[in-house]
Structure formats: C-alpha cells, structure tokens
Amino acid sequence: MAEELKVIVFTLAHEEYGIEVDKVRTIERMMPITRVPKTPPFVKGVVNLRGIVIPVIDLRGRFGLAETEFTDNSRIIIVAANDLEVGFIVDSANDVMDVMSDAIENPPEVVGGIKAKYISGVAKIGESRLLILLNLIEVLNRNEIIQLEQIGE
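Taken in order, the sequence shown gives residues 1 to 153; the numbers are from the UniProt record's numbering.
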C-alpha cells in the first residue's frame, strides 16, 4: 500500500520542486534581508520574522543556477531542519500536493542542473510532470548548518 506524502510545490528556473509539508513552517513574501559578512554567496543574510532571526539562502545560488532579480512571485519558504529554521528564496510557491510514495523514484545523477545529493527523489505526477523532492539535510549540509547557527546568535 503506497503512502501519501504531502509536499509544498515551488519553482526554481522553470523546474518544480517539493518540500515535505511537515518541514515547512511558513511561506512569506519577500522582505528586507540584512546581509551578513563572511558567509557563502548563496547566503543572502537574515530576516527578522516575528522577533526571530532567520538565515536566508537563495536556492538558485545554492544549486549553482543563475541568480535572478526577485519578483512579486518570489517567496521565502521557512523550513525547519535539525532544530534550525532557515528561509529558502524560491521563484514562486505554487500549491500543496499529495504525492504517492510509489510514484517517487531515486534521483538520477543530475536533474535540472542540480546534483543528486540535494535530491531525495523525483515524483512522476501524471503523464508529463516531474516534481523534484529536496533532501533538506544535504541542502543544509553540516558545515553550513554550523555557520548558519552562528548567524542566528
């Protein structure tokens, strides 16, 4: 019996991605981001969200995709991983979707220019739609989590 996985669907460079709903705290419109010195280029800085300082990562930069100007559709998805809240800047956040576990395949080496280590799987939705599921633990690898934890202090 296949299990259902609820995911938030978002786009980056015309590809659709998913993050499990239970890892997502909130989705916010773009807001002022304060730069933090001595961080990797894809770490855009921090935001103050209801009194909590949250590091913000541009997922385009994280995945080595061309960064673009933010638009009215750009969103910051606040996720929780390893007791750390982090914001991911995405091109747009579209909807919530149920994905059947038997529709998820292991990731190929590269999908949409993104290395397989950042991807937990690829879900086939209907005949022609693919949804790339993120591996949050790798997107926020250990060394970067340590750096980001220090930003929030």
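Heads up, the beta-carbon is just placed ideally off N, CA and C, and yes, glycines get one too.
In whole angstroms, what separates the C-alpha of M97 from that of E3? Stepping through the sequence shown from its first residue, residue 97 is reached at position 97. Stepping through the sequence shown from its first residue, residue 3 is reached at position 3. Using only the alpha carbons, I get a separation of about 13 Å.
So V9 packs on N135, CB below 8 Å; how close in whole Å? Looking up residue 9 in the sequence shown gives position 9. Looking up residue 135 in the sequence shown gives position 135. In fact, because the Cβ distance is near 16 Å, the residues do not count as touching under 8 Å.
Rounded to the nearest angstrom, what separates Y17 and L131 at their Cα positions? In the sequence shown, residue 17 corresponds to position 17, counting from 1. In the sequence shown, residue 131 corresponds to position 131, counting from 1. Whole-angstrom Cα-Cα distance: 5 Å.
Grouping DSSP H, G and I as helix and E and B as strand, with all else coil, what is L131? The residue given as residue 131 occupies position 131 in the sequence shown. The three-state reading of DSSP puts L131 in strand, counting E and B together.
Under the three-state DSSP convention, the category E22 falls into: Residue mapping note: residue 22 aligns to position 22 of the sequence shown, counting from 1. For the record, residue 22 in the displayed sequence is Asp; it is not Glu. DSSP places D22 in helix when its eight states are reduced to three.
Integer-rounded CB distance, given that I78 should sit under 8 Å from G87: Your numbering for residue 87 matches position 87 in the sequence shown. Your numbering for residue 78 matches position 78 in the sequence shown. That belief holds up - the Cβ atoms of G87 and I78 are roughly 5 Å apart, short of 8 Å.
Sub-7 Å separation of V90 and L5 beta-carbons: The residue labelled residue 90 in the question sits at position 90 within the sequence shown. The residue labelled residue 5 in the question sits at position 5 within the sequence shown. Contact flag unset, no.
Exposed unless 16 or more other CB atoms sit within 10 angstroms - verdict on S101: Translated into positions along the sequence shown, residue 101 becomes position 101. Result: exposed.
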